[in-house]
Amino acid sequence: MKPLEIHCRNKVMYAKISVRDRGSGQRDYVLTGKDGISLYVFTKEKGHWKCTLGYLDEDIKEAVINALIIRFDKTICDIFYYKGERKLVEVREKQGNLWHIYVNLHYVATISYDKFTKRFEYNLEDETGVVTDDHIRKYIGKIGTGEISWYKGDR
Numbered sequence: 001m002k003p004l005e006i007h008c009r010n011k012v013m014y015a016k017i018s019v020r021d022r023g024s025g026q027r028d029y030v031l032t033g034k035d036g037i038s039l040y041v042f043t044k045e046k047g048h049w050k051c052t053l054g055y056l057d058e059d060i061k062e063a064v065i066n067a068l069i070i071r072f073d074k075t076i077c078d079i080f081y082y083k084g085e086r087k088l089v090e091v092r093e094k095q096g097n098l099w100h101i102y103v104n105l106h107y108v109a110t111i112s113y114d115k116f117t118k119r120f121e122y123n124l125e126d127e128t129g130v131v132t133d134d135h136i137r138k139y140i141g142k143i144g145t146g147e148i149s150w151y152k153g154d155r
């Protein structure tokens, strides 16, 4: 398996990774330290990633979790931080040229595509200010390029 690419402290680090299946859909993600001996185990439980074995500085641990999310959590299309808290963005395609946007599993917006005018429109319902118009335009761009999928038969 190709190494995990980790961005931290203005550097790009690579870690050897293996995935162990524990059954019932649970997996351990085992990283080997650059010394070839140290092991760090990360798991995802109830939607939250955590380091279950090994000690890492907090910033490195968070960078590893970000890298794991990007690589293995296929439903997440964006990660950003707001007031020091990680925000995971999921864009779910719906029938009828619609997409619902969720941040940390909370609904925040809808994007729609009009087949006749060939334009995207959106309704941003996030009163917290976490998601901005710029975020929505970014996701519309990803839908347009196919990075975010269309509902089968809608396109």
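Under UniProt numbering, think of the first position of the sequence shown as 1, with each following residue one higher. Just so you know, even glycine gets a beta-carbon here, dropped at the ideal spot from N, CA and C. Note that the coordinates shown come from a computational prediction; the quantities given were computed from them, not determined experimentally.
- DSSP places Leu39 within a strand segment (E or B) once states are collapsed to three.
- The alpha-carbon separation between Leu88 and Lys142 amounts to approximately 16 Å.
- Phe120 has its alpha-carbon roughly 40 Å from the corresponding atom of Glu58.
- Between the alpha carbons of Phe42 and Asn123 lies a distance of about 36 Å.
- For Leu56, the secondary structure class from DSSP, reduced to helix, strand or coil, is coil.
- Contact between Val91 and Ile6 fails: their C-beta atoms lie close to 25 Å from each other, not under 8 Å.
- Distance from the Cα of Gly36 is smallest, within the candidate group Ile17, His48, Leu53, Gln26, for Ile17.
- The closest CA to that of Arg86, considering only Lys46, Asp134, Glu62, is found on Glu62.
- With a cut-off of 8 Å on Cβ pairs, the stretch 106-114 is in contact with the stretch 124-135, counting three or more such pairs.
- In the DSSP assignment, Gly141 falls within the unbroken alpha helix (DSSP H) covering 133-145.
- DSSP places Val130 outside any beta strand (DSSP E), giving it a letter other than H or E.
- Taken atom to atom, the span from the alpha-carbon of Asp78 to that of Lys94 is near 19 Å.
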